[in-house]
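Worksheet: one structure, shown below.
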Amino acid sequence: MSGQSTNNDNWISIFNGQNLEGWIPKVTGYRVGENPLDGFRVENGILKVDYSKFAAFNGRFGHLFYHEKLSSYMLRVEYRFVGEVLPDGTRILFSQQRNHDSFAITMEYGYNPKLACFT
Numbered sequence: 146m147s148g149q150s151t152n153n154d155n156w157i158s159i160f161n162g163q164n165l166e167g168w169i170p171k172v173t174g175y176r177v178g179e180n181p182l183d184g185f186r187v188e189n190g191i192l193k194v195d196y197s198k199f200a201a202f203n204g205r206f207g208h209l210f211y212h213e214k215l216s217s218y219m220l221r222v223e224y225r226f227v228g229e230v231l232p233d234g235t236r237i238l239f240s241q242q243r244n245h246d247s248f249a250i251t252m253e254y255g256y257n258p259k260l261a262c263f264t
């Protein structure tokens, strides 16, 4: 996500482009709110997810949750892959569960690089 302002006054930005304020990280095996090894970070107005500092995957994956409940919304997101892309790529999830340590109950939208399509 980019923290750039929009030209449309009807859009409300939920990402400030400077830091993770308003966002709650949850990484498997860690407490809600912990962001181990800076896996989620903001650089130059861009929200980045990076697992390169982890020695091994070991079943760890992360989610970011927005601190407020949202309803009746459209989400505009621009994202790209950098470096090596792993199977099943990026997922965008919608959930109200934050304390779950494994798989949250979610609505999921993602890009599958093997199929070169969205699933």
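In case it helps, our numbering puts the sequence shown at residues 146 to 264. All C-beta atoms, glycine included, are put in the ideal place defined by N, C-alpha and C.
Classified as exposed, K198 has fewer than 16 neighbouring CB atoms from the shown chains inside 10 Å of its CB. Annotation for G167: I159, F160, N161, Y211, H212, E213 place their beta carbon closer than 8 Å to its own, counting only its chain and skipping 5 residues before and after.
L215 is not a Cβ neighbour of I169, given a cutoff of 8 Å.
Within the model, the alpha-carbon separation for K193 versus T173 is close to 18 Å. Looking at the DSSP output, F210 sits in a beta bridge with I169. Here the alpha carbon of V187 sits roughly 24 Å from the alpha carbon of G204.
Shown here, L220 sits in coil according to DSSP, grouped into three states, outside any helix or strand.
Distance check between N180 and each of F206, N155, Y218, R221 places F206 closest, using alpha-carbon atoms only. Boundaries of the beta strand (DSSP E) around F185: 185-188.
CA-to-CA, the gap between I191 and F202 works out to about 24 Å.
No residue range can be given for V177, since it is assigned to no beta strand (DSSP E) and is classified by DSSP as neither H nor E.
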